[in-house]
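Chains as they are written, first to last, in the working numbering: chain A, -15 to 258; chain B, -15 to 258.
Ideal Cβ positions, reconstructed from N, Cα and C, are used throughout, including at glycine.
Structure, as structure tokens:
Protein chains: 2
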Amino acid sequence: MSPEPMRDESAFLASYDPRAYDPVAVTVDVVALTIRDGALHVLLVRRGGAPYEGMWALPGGFVHAGGRREAEDLPDAAVRELAEETGLSGKDGALGRVHLEQLGTYGTPGRDPRMRVISVAYLAFAPELPDPEAGGDAADAAWVPVDALGLAESGDQRPGTTRRLAFDHARILTDGLERARDKLEYTPLATAFCGAEFTIPELRAVYEAVWGEELHAGNFHRKVLSVPGFVESTGATSDKGGRRGGPRPRLYRAGDARLLHPALLRPSREEEIR
Amino acid sequence: MSPEPMRDESAFLASYDPRAYDPVAVTVDVVALTIRDGALHVLLVRRGGAPYEGMWALPGGFVHAGGRREAEDLPDAAVRELAEETGLSGKDGALGRVHLEQLGTYGTPGRDPRMRVISVAYLAFAPELPDPEAGGDAADAAWVPVDALGLAESGDQRPGTTRRLAFDHARILTDGLERARDKLEYTPLATAFCGAEFTIPELRAVYEAVWGEELHAGNFHRKVLSVPGFVESTGATSDKGGRRGGPRPRLYRAGDARLLHPALLRPSREEEIR
DNA sequence: TGAGTTCATCTCGATATGAGAAGAACATAA
DNA sequence: TTATGTTCTTCTCATATCGAGATGAACTCA
């Protein structure tokens, strides 16, 4: 059950006093990922005010809970914050084709020095998007290569990293990356990083960027085509060859599968098993 | 980032006024699963007050946010609610061996008729536990067979189901069951439903209860023993044969693997793929 | 004692995987 | 234009895994 039970609903509403409750704030934070120049990038904003002023953080902010403003659902808040703080337009615009899913909720006491804050984190997969423009409370906004953030497996950032992340956002980002790596194995979400039409080598580049390791081109090709519903051929062929030569690859679009069966397991997970 | 930035932290704290913020409540709800008599059961409590008085619901309640009471972390709140509302003792007692993980957060406006409530759901896997005793706000508490709740894939309950769940708890439970089914494929968490020592047929019964289908005993046996770190032999043998005959099965305990590789894929997922 | 059940292991064909090879198509530099 | 190197795509082949069925021994219950 949810809040404490009352003898009668109208009695509760009449006696309602927000000060009687522990003050809590609910926010959304978004881990937005994309591929740029063959490398995995995350969308970050630079904080325009205290605390952590000047540091980089995940885009996010308050959920409109319904007091003064109209109540909004959590995924709507995630899209709104993404749009507000980056200048990217919402569902109908550049953010129309992004995949959005809930990542997890972070509420450890003290994670925000001001008050008790419960943050619902969302994970977004986007095809290559334009550079963001700072808006809302952000002093700056940019796509940042994930490798440049020096993230350790523990969720901490390694010493010497220039861009330190505010709050516990390094942990949230680490969790988001792990989720993304897993999702690529069992779901066709790698196609969410590509345009409407893409080639198998492009798709392979997505896997290599997210997993951080090179794949066997021949086996990858065979595998992608053998999994039912992963991709479907457009019949067309790319009008250019590879960047450094090679024949013109064929074009595909995302299929109707929601799960990859069998899965595309990544190599060298031996270390992670125990 | 989290709450709206302030120019200065002390200025913020001085000007702090809870009424200036949208009133939000944060709760935890727990989907606690176990196996009883070969069937998957979920822990439910009967509501002692409005709204949804008399209906069944997931155990849960307010997170102590830090106003009047000491601030508690979200997983601690989940364990506390589980203990309070069921009479089961906490980390050191009957709840000591349960696996607990975050399931997701539910915050759609209107999901609680009283006010805006954000509920962080947790998923618990437990070995066979004693019958719960109602406590806290609960009028009753019981392990209920999941099949008796008439859950559809949509998260709704089928008409004619006697035990209707309060709030959106049918959806939360449906999501929890789906998570449990997935987790059994890639992780050794099925052992969390067993005692410290168990037999391969017992483990198979867990998979059959959660997945709702019978497995090939021979292949299952081969598979469990071939996955590194899933189970390790105790050298001992059960002192009784099967319920309806058969030789005494050998005893095993959980191994040190965190991931099953290769995974134990469940049959007949064809329908779910698209 | 006999009938039926279950554990544990094995066999066999079908399928999936990793590693490598090869030919054709293309970009780039000489 | 030619030469060189890269890449796409399709093979091959040995190995590993999987589903389905069969078998014999061990056990419970009537």
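Check for me: the alpha helix (DSSP H) holding residue i runs from which residue to which?
| i | result |
| --- | --- |
| Pro59 (chain A) | 58 to 70 |
| Pro185 (chain A) | 184 to 195 |
| Gly202 (chain B) | 201 to 210 |
| Gly160 (chain A) | 153 to 170 |
Would you grab the beta carbon distance between residue i and residue j for me? Rounded to a whole angstrom, and I think it's under 8 Å.
| i | j | result |
| --- | --- | --- |
| Leu58 (chain B) | Val104 (chain B) | 6 Å |
| Asp6 (chain B) | Arg98 (chain B) | Incorrect: roughly 14 Å between the Cβ atoms, too far for contact. |
| Ala49 (chain A) | Val8 (chain B) | 4 Å |
| Leu187 (chain B) | Val211 (chain B) | So it is not a contact: roughly 12 Å between Cβ atoms. |
| Arg142 (chain B) | Arg258 (chain A) | Their Cβ separation, rounded to whole angstroms, is 42 Å, which puts Arg142 (chain B) and Arg258 (chain A) out of contact at 8 Å. |
| Leu244 (chain A) | Thr171 (chain A) | 6 Å |
| Pro251 (chain B) | Gly226 (chain B) | So it is not a contact: roughly 23 Å between Cβ atoms. |
| Arg321 (chain B) | Gly139 (chain B) | Summary: the structure shown does not reach residue 321 (chain B), with chain B confined to residues -15 through 258, and so no result is reported for it. |
Do the CB positions of residue i and residue j come within less than 8 Å of each other?
| i | j | result |
| --- | --- | --- |
| Val190 (chain B) | Phe204 (chain B) | no |
| Arg237 (chain A) | Ala193 (chain A) | no |
| Gly213 (chain B) | Asp240 (chain B) | yes |
| Asp96 (chain A) | Arg30 (chain A) | no |
| Val128 (chain B) | Leu161 (chain B) | no |
| His153 (chain A) | Ala78 (chain A) | no |
| Leu173 (chain B) | Leu157 (chain B) | no |
| Thr262 (chain B) | Arg234 (chain B) | One cannot answer for residue 262 (chain B) here, as it falls past the ends of chain B, which runs -15 to 258. |
| Leu27 (chain A) | Pro43 (chain A) | yes |
| Gly121 (chain B) | Gly45 (chain B) | First, the residue type needs correcting, since residue 121 (chain B) is Asp and not Gly in the sequence shown. In this structure, Gly45 (chain B) lies closer than 8 Å to Asp121 (chain B) by Cβ. |
| Glu169 (chain A) | Leu66 (chain A) | no |
| Thr221 (chain A) | Arg232 (chain A) | yes |
| Ala61 (chain A) | Val82 (chain A) | no |
| Gly74 (chain A) | Val63 (chain A) | yes |
| Ala265 (chain B) | Pro116 (chain B) | With chain B running from -15 to 258 in the structure shown, residue 265 (chain B) is simply not present. |
| Ala201 (chain B) | Pro93 (chain A) | no |
| Ile102 (chain A) | Val215 (chain A) | no |
Specify, as a first and last residue, the run of the beta strand (DSSP E) that residue i falls within.
| i | result |
| --- | --- |
| Arg142 (chain B) | First-last for Arg142 (chain B): undefined, no H or E at that position. |
| Ala105 (chain A) | 101 to 109 |
| Asp13 (chain B) | 9 to 20 |
| Glu85 (chain A) | 83 to 90 |
| Ala122 (chain B) | 122 to 129 |
| Gly44 (chain A) | 44 to 46 |
| Arg258 (chain B) | No beta strand (DSSP E) holds Arg258 (chain B); DSSP gives it neither H nor E. |
| Arg95 (chain A) | Note, Arg95 (chain A): premise wrong, no beta strand (DSSP E); not H, not E. |
| Ala118 (chain B) | Neither: Ala118 (chain B) is in no beta strand (DSSP E) and is coded neither H nor E. |
| Arg30 (chain A) | 23 to 31 |
Per the contact definition of three or more C-beta pairs closer than 8 Å, is the segment 61 to 78 of chain A in contact with the segment 87 to 102 of chain A?
-> In short, these stretches do not touch, since the Cβ pair count stays below three.
Inter-stretch contact (C-beta, 8 Å, three-pair minimum) for the segment 15 to 29 of chain B and the segment 103 to 118 of chain B = yes
At 3 residues or longer, and completely inside the segment 218 to 245 of chain A: list those beta strand (DSSP E) runs for me, N to C.
-> 234 to 238
Any contact of the segment 35 to 42 of chain B with the segment 137 to 155 of chain B, i.e. 3+ C-beta pairs under 8 Å?
-> yes
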